[in-house]
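Step one of this worksheet: look at the structure below.
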DNA sequence: TGCGACTGCTGAACCGGATAAGTTGAATCG
DNA sequence: CGATTCAACTTATCCGGTTCAGCAGTCGCA
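Residue numbers (the numbering used here), protein chains in the order written: chain U, 1 to 341; chain P, 1 to 341.
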């Protein structure tokens with residue numbers, strides 16, 4: 001009834017534990033005949049290696065960790081993370097690695113999780129999401145010598161390699177497109193201001209607006225939730241100067257913004273053009289369908305996982321660039337009804 | 001540089017390994033003075049227990065497993081799972097248990113994952129989602145003596161205890177509400193037909209329609225994706241007999257259905273009333289906001305996690321009922337414009 | 001004063017594998 | 001034919017904790 005061990009196999013096969021271990025691990029030191037016999041017995045009695053025993057003998061945990069720090073309310077609704085996770089998973093399960101997931105309330109809790117995971121040797125490395133400016137997690141993982149990959153962030157931040165995407169170019173492309181349509185009052189509803197990629201996008205937005213003579217280009221920071229997206233939109237549309245186009249930092253806020261515009265009696269795209277950064281099915285479900293910056297998030301996650309596994313294996317890894325988000329024009333963008341300069 | 005072990009602590013404190021172990025685990029057998037000294041040293045040199053070493057000495061893995069079997073495309077977009085996971089997490093992290101997550105392509109892969117996790121003693125128990133009729137996973141976990149809790153499913157199915165919600169009553173309430181508004185042609189866009197809860201809902205729907213004299217009540221099965229929800233809606237609205245109300249098995253399909261209705265020139269709720277089973281922010285973001293059956297999914301997940309931990313601790317657990325989904329009327333339901341019998 | 005009980009510790013075995021080092025016996029070779 | 005080499009094992013040790021048996025020393029009590 002109790003779980004079989006290699007000692008049981010050894011006894012059955014009439015050899016020593018050592019021989020069984022060699023046989024099961026494909027090491028030389030046993031004859032083909034014996035190996036087959038041992039493998040057959042292992043199969044027959046349903047043997048599985050005890051992961052703890054392996055790990056104790058210096059093996060890796062074969063597990064990577066992912067701690068997410070966003071409130072459940074936002075997490076549940078934002079497709080980004082689930083898509084990221086499924087991409088990571090795809091890469092991991094192909095190499096029979098496991099994923100340890102934890103949702104944490106704040107940065108300190110996240111750091112504690114890393115310390116514990118690594119201290120207890122539960123994971124071999126971690127993926128770090130939502131990089132912040134002077135992020136406290138970076139010195140911690142560096143200090144601990146915990147293999148890590150930053151998911152997102154600008155090109156090459158600090159000592160920890162990252163997987164990044166050129167948000168700046170994507171945003172510039174978007175502003176150029178809107179400007180070409182004739183928009184001169186473009187607002188931006190941004191995400192959390194202390195995230196690195198928010199900062200990168202802000203810089204790109206300002207630069208492009210200046211270059212393209214978009215005179216009025218306010219930015220409002222939010223927490224990425226639909227509620228704040230709606231509130232920001234309401235504020236923008238209630239002011240005396242109204243934008244003719246709004247770029248949202250994620251699709252959830254863009255959809256919420258669309259709702260607000262409609263509720264305020266504005267037509268999209270006639271009175272207001274809307275662009276969403278990140279493109280989930282959400283953008284295609286609403287009417288009008290939203291113009292969005294599309295990226296293959298699962299592929300992004302898979303790339304990050306691959307980099308992390310390489311780092312864990314001890315090879316040096318540098319930062320790599322993922323594909324840039326592509327602008328997919330849909331029904332929510334058009335020239336502004338009244339061209340303004 | 002190398003990670004400290006209890007042997008290091010023992011040496012520093014001038015006691016034996018055994019004494020250190022007793023001290024660190026709050027066991028009797030050491031004096032208070034010694035215990036404090038040992039704890040101080042452990043703290044000072046940054047000691048963490050090696051989870052593998054603990055597990056090898058018969059301790060639990062302190063980890064529970066969750067395998068999800070839905071395509072990434074659907075998973076990413078459906079808020080249900082992320083909300084469930086955050087609920088599970090909340091319960092687990094409060095008891096410093098970890099969550100092992102894996103996304104699997106099919107039932108066989110899922111069963112393999114369970115076998116491996118349990119065989120390697122990586123998890124102490126698992127949560128089983130999306131129970132199917134004569135589900136192959138049930139005999140497997142029973143056979144393996146792997147502690148498990150089924151998330152969802154009808155009341156008390158088979159040997160594995162579950163956490164269930166009374167979908168039947170919720171659906172009956174919905175049909176009664178629609179019938180009271182005057183609807184006599186109510187369609188249902190269902191989820192995967194071999195899931196238990198789909199079957200339960202189907203039975204409740206048919207029963208209620210019959211009782212309430214809803215003569216025309218077709219059901220179309222889907223895979224829960226927005227695409228299929230849209231297709232089903234298109235089919236329903238293109239037939240010669242049109243429904244005046246549609247109940248969708250999740251919110252994603254309901255939103256897609258709303259889009260289709262609008263694209264076909266129907267007004268909601270004038271020409272068509274829409275009700276969504278499951279209520280994410282999505283339902284409030286679209287226009288008109290969708291009437292939905294609301295449940296606290298994180299709480300549901302937390303309850304499931306709690307039950308599983310109880311089962312793992314060896315206490316007997318039975319099936320428990322979670323709260324029933326509540327109908328929240330919003331702008332997408334109204335009396336049909338032309339009352340029909 | 002002598003016995004048992006208790007406290008506070010030590011030493012060693014143990015969990016289930018990995019692996020270095022040692023031991024056979026047979027084949028190879030000069 | 002004896003020395004060498006090699007395959008095919010066995011034995012022993014290790015990983016880092018837990019736990020049990022044992023053993024001094026102290027205390028209480030008859």
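C-beta: ideal position from N, C-alpha, C; glycine also.
- Task: For the region 271-287 of chain P, enumerate the residues whose C-beta is nearer than 9 Å to any C-beta of chain U, in chain order.
- Result: 280, 281, 282, 284, 285, 286 and 287
- Query: Who are residue 100 of chain P's beta bridge partners in DSSP?
  - Reply: U:100 and P:65
- Task: Classify residue 100 of chain P as buried or exposed, calling it buried when 16 or more other Cβ atoms lie within 10 Å of its own Cβ.
- Result: buried
- Query: Of all Cβ atoms in chain P, is any one closer than 9 Å to the Cβ of residue 83 of chain U?
  - Reply: yes
- Classify residue 295 of chain U as buried or exposed, calling it buried when 16 or more other Cβ atoms lie within 10 Å of its own Cβ. buried
- Message: In this structure, how does DSSP classify residue 217 of chain P when only helix, strand and coil are distinguished?
- Response: coil
- Going along the chain, which residues of the region 240-257 of chain U sit with their C-beta nearer than 7 Å to a C-beta in chain P? 255 and 256
- Message: Whole angstroms are fine: how far does the CA of residue 319 of chain P sit from the CA of residue 142 of chain P?
- Response: 16 Å
- residue 317 of chain P versus residue 205 of chain U: straight-line alpha-carbon distance, rounded: 57 Å
- Item | N- and C-terminal bounds of the beta strand (DSSP E) containing residue 292 of chain U | 291-294
- Any idea if residue 240 of chain U is buried or exposed, counting beta-carbon neighbours within 10 angstroms, 16 or more meaning buried? exposed
- Message: Among the candidates P:277, P:243, P:278 and P:249, whose CA atom is the shortest distance from the CA of residue 364 of chain P?
- Response: Nothing can be reported for residue 364 of chain P, as the shown portion of chain P is limited to 1 through 341.
- Message: What are the residues in the region 111-140 of chain U lying within 9 Å of chain P by C-beta distance?
- Response: 113, 115, 116, 117, 118, 119, 120, 121 and 122
- Query: Is residue 320 of chain P helix, strand or coil by DSSP?
  - Reply: strand
- Item | Cα-Cα separation between residue 324 of chain U and residue 165 of chain U, rounded to whole angstroms | 5 Å
- Answer yes or no: does any C-beta atom of chain U fall closer than 9 Å to that of residue 265 of chain P? no
- Message: Is the separation between the beta-carbon of residue 59 of chain P and that of residue 126 of chain P shorter than 9 Å?
- Response: no
- Query: The alpha helix (DSSP H) with residue 327 of chain P in it runs from where to where?
  - Reply: Taken as a continuous stretch (DSSP letters only), residue 327 of chain P belongs to no alpha helix (DSSP H), being part of the beta strand (DSSP E) at 326-328.
- Task: Ignore the nearest five residues each way along the sequence and tell me which others in residue 173 of chain P's own chain have a CB closer than 6 Å to its CB.
- Result: 327
- Query: In terms of residues, what are the limits of the beta strand (DSSP E) holding residue 248 of chain P?
  - Reply: 245-248
- Proximity test, Cβ basis, 9 Å: residue 63 of chain U and chain P: yes
- So residue 331 of chain P packs on residue 288 of chain P, CB below 8 Å; how close in whole Å? 3 Å
- Query: Apart from the five residues just before and just after residue 171 of chain U, which ones in its own chain have a Cβ nearer than 6 Å to its Cβ?
  - Reply: 201, 204 and 205
- Query: Would you report the Cα separation of residue 145 of chain U and residue 297 of chain U, rounded to the nearest angstrom?
  - Reply: 28 Å
- Since residue 161 of chain U meets chain P, which of its residues come closer than 8 Å, beta carbon to beta carbon? Neighbours of residue 161 of chain U on chain P: none; closest Cβ ~22 Å, over 8 Å.
- According to the neighbour-count rule (16 or more other Cβ atoms, all chains shown, within 10 Å of its Cβ), is residue 341 of chain P buried or exposed? Note that residue 341 of chain P scores 42 on pLDDT, short of 50, meaning its location in the model is unreliable and no value can be drawn from it.
- Message: Please list the terminal residues of the continuous alpha helix (DSSP H) segment that includes residue 54 of chain P.
- Response: 51-56
- From the DSSP output, which residues share a beta bridge with residue 164 of chain U? U:321
- Task: Report back the beta-carbon spacing between residue 179 of chain U and residue 226 of chain U to the nearest angstrom; my notes put them in contact at under 8 Å.
- Result: Between residue 226 of chain U and residue 179 of chain U the Cβ distance is about 28 Å, and since that is not below 8 Å, they are no contact.
- Find out if the Cβ-Cβ distance for the pair residue 7 of chain P, residue 38 of chain P is shorter than 9 Å. no
- To the nearest whole angstrom, what separates the beta carbons of residue 190 of chain U and residue 222 of chain U, a pair I think is in contact under 8 Å? 7 Å
- Query: Are the beta-carbon atoms of residue 353 of chain P and residue 52 of chain P separated by less than 9 Å?
  - Reply: Any property of residue 353 of chain P remains undetermined from this structure, which presents chain P solely from 1 to 341.
- Task: Step through the CB atoms of chain P and report whether any lies within less than 9 Å of the CB of residue 297 of chain U.
- Result: yes
- Query: Going along chain U, which residues have a C-beta under 9 Å from residue 102 of chain P?
  - Reply: 89, 92, 93, 98 and 99
- Query: residue 208 of chain P lies in the alpha helix (DSSP H); which residues open and close that run?
  - Reply: 196-211
- Query: Applying a beta-carbon distance threshold of less than 7 Å, which residues of chain U neighbour residue 300 of chain P?
  - Reply: Simply none; closest approach about 12 Å.
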